[in-house]
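J.: Quick note: the sequence shown uses the working numbering, first residue 59, plus one each step.
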Amino acid sequence: MRAVVSGGDGFVGQHLISWLLASGDEVSASILGPDPDLRTLTTGEARAVDWRAADVLDAGALSTLIGDLRPDCLYHLAGFASGARARQAPGEALRVNAEGTLNLLEAVVGARRAQASFEPTIVLMSSADAYGPPSDTATPFQEEHALRPATNYGLSKAAMEMVAHAYRARSSLRIIVVRAFPLLGPGQGTDFVLPTICLQAAEIAAGTVEPVLHTGNLDVERDFTDVRDGVRALRLLAGQSSDETTYNLCSGRTVPIRRLVEWVLEEAGVEAEVHVDPMRVRPEEPGRVSGTAARLEKVTGWVPERSLRAAVRDTYEDIARSRRAATGGR
């Protein structure tokens, strides 16, 4: 299969590329700059990828990219992936996630106009944030739930889905929307909760800071999935022939942030005072958010295979290793 991954050097993108290559796919990937920012891809894997510079806000660059490559499958991961960044730049988040998706789909329509047989599968990475806060925290989100986003990030992803719906309806594009609940694993940036905890614990273990770990609300529960399980689901969906167009990607199990902190401190081999920082607590944050991946399992047979405990270990080891490299081994 010939695949194109937009945002290929992002957290999910690099794990997806690794899985696609291992599955025998031919992979091209779009990035913002001339060279990818490698975190988890090996040198050999990176060399096997056809890297292309293309900003999703540059409609011309996307038209050239899709017109030249004409992939069998297009995985659209480029865009704002961080709720924290979207809070700081709401307009940019909306533009990149919604307008960027429009530009990409328009590029596909243009390429198909030039070659009628071009019918790629398009997998769009949305987010559970598009649902908004649950009305009942005991009830997991299903794909039929209405989208009522309450955050800038959720709004940008819901708008992206509306763009997809319009192009699916009027241009008959084969678009699969994946609403991902929180993914974790090695290579994730420190503007996400687990890497932030890991970096603090690594600093404590190195003796460079006092044994105090700063967190947000420890009692909120989220439905986490290892990113390596997640990218396996994306490829399975790309190859399915079901009429379903929207899928939750989640484990169906919630874990409190407090448990993640405990696991990280165990991995670091340290004890620390855990301080809830009011600046890191969001008053509107729901106590528990969960989903069901029953549709994904029914259509593809996918179930999560990796334990969250192991994912936390891998993430901590990755963060500690990167920190040592950046500080000359200190």
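Glycine included, each C-beta is placed from N, C-alpha and C at the ideal position.
1. What's the gap between the Cα of Ala-136 and the Cα of Val-289?
2. Taking Glu-343 as the reference, give the member of Leu-120, Gly-190, Val-270 with the closest Cα.
3. For the alpha helix (DSSP H) containing Asn-161, name the first residue and the last one.
4. Could you check how far apart the C-beta atoms of Ile-124 and Val-166 are, in whole angstroms? I think they sit under 8 Å.
5. According to DSSP, simplified to helix, strand and coil, what is Asp-372?
6. For the pair the region 142-153 and the region 73-83, tell me if three or more CB-CB distances fall below 8 Å.
7. List the whole-angstrom C-beta distance separating Asn-275 from Glu-201, where the pair is believed to meet the contact cut-off of C-beta under 8 Å.
8. For the region 273-316, which segments carrying the alpha helix (DSSP H) assignment without a break, of at least 4 residues, lie completely within its bounds, in sequence order?
9. To test your reading of the DSSP string, which unbroken beta strand (DSSP E) runs of 3 or more residues are found completely within the region 325-380?
10. Can you grab the Cα-Cα spacing for the pair Gly-245 / Arg-97, in whole Å?
11. Counting pairs of beta carbons, one from the region 266-286 and one from the region 329-338, are three or more of them closer than 8 Å?
12. Based on Cα-Cα distance, which residue from Ile-180, Met-337, Arg-367 lies nearest to Ser-299?
13. Quick one, are the C-beta atoms of Ala-351 and Gly-310 less than 8 Å apart?
14. How is the alpha helix (DSSP H) around His-134 delimited, first residue to last?
15. According to the Cβ coordinates, are Ala-87 and Val-62 closer than 8 Å?
16. Across which residues does DSSP place Ile-89 in a beta bridge pair?
17. Going by DSSP, what residues sit across from Val-63 in a beta bridge?
18. Would you list the residues sitting across from Ile-75 in a DSSP beta bridge?
19. Hey, how far is the Cα of Thr-312 from the Cα of Ala-238?
20. Mapping DSSP to helix, strand and coil, what is Val-236?
21. With DSSP as the reference, label Phe-199 as helix, strand or coil.
22. Exposed or buried, what is Asp-95 when buried is set at 16 or more other beta-carbons lying within 10 Å of its beta-carbon?
23. Quick check on Ala-217: buried or exposed, where buried means 16 or more other Cβ atoms within 10 Å of its Cβ?
24. Would Glu-279 pass as a contact of Gly-345 if the rule is Cβ separation under 8 Å?
25. Going by beta carbon distance, what residues of the same chain come within less than 6 Å of Arg-232, once the five residues before and after it are set aside?
26. Quick one: what's got a C-beta closer than 6 Å to Asp-83's C-beta in the same chain, skipping five residues either side?
27. Is there at least one non-hydrogen atom of the ligand PLP closer than 7 Å to the beta-carbon of Arg-110?
28. Mapping the DSSP letters down to three states, classify Ser-121 as helix, strand or coil.
29. Count the other CB atoms, across all protein chains shown, that sit within 10 Å of the CB of Lys-215; report buried if there are 16 or more and exposed otherwise.
30. Reducing DSSP to helix, strand and coil, say where Thr-254 ends up.
31. What residue from Asn-161, Ser-185, Ala-104 has the CA that sits closest to Ala-117's CA?
T.: In terms of the structure at hand:
1. Computed Cα separation, rounded: 15 Å.
2. Gly-190
3. 158-172
4. 6 Å
5. helix
6. no
7. Not confirmed; about 27 Å, so no contact.
8. The region 273-316 is shown to contain whole alpha helix (DSSP H) runs of 4 or more residues at 285-296, in chain order.
9. With a minimum length of 3 residues, the continuous beta strand (DSSP E) runs that stay inside the region 325-380 are 331-334.
10. 6 Å
11. Touching, yes.
12. Ile-180
13. yes
14. His-134 -> not in any alpha helix (DSSP H); beta strand (DSSP E) instead, spanning 131-134.
15. yes
16. DSSP lists Ala-111 as partners of Ile-89.
17. Ala-87, Tyr-133
18. Paired residue(s): none; Ile-75 is not in a bridge.
19. 14 Å
20. strand
21. Secondary structure of Phe-199 (DSSP, three-state): strand.
22. exposed
23. buried
24. Against a cut-off of 8 Å, the Cβ pair of Gly-345 and Glu-279 comes out as a contact.
25. Thr-179
26. Met-59, Ala-61.
27. The ligand PLP is absent from the structure shown, which contains no ligand whatsoever.
28. helix
29. Buried is the call here.
30. In the structure shown, Thr-254 sits in a helix (DSSP, three-state: H, G or I).
31. Asn-161
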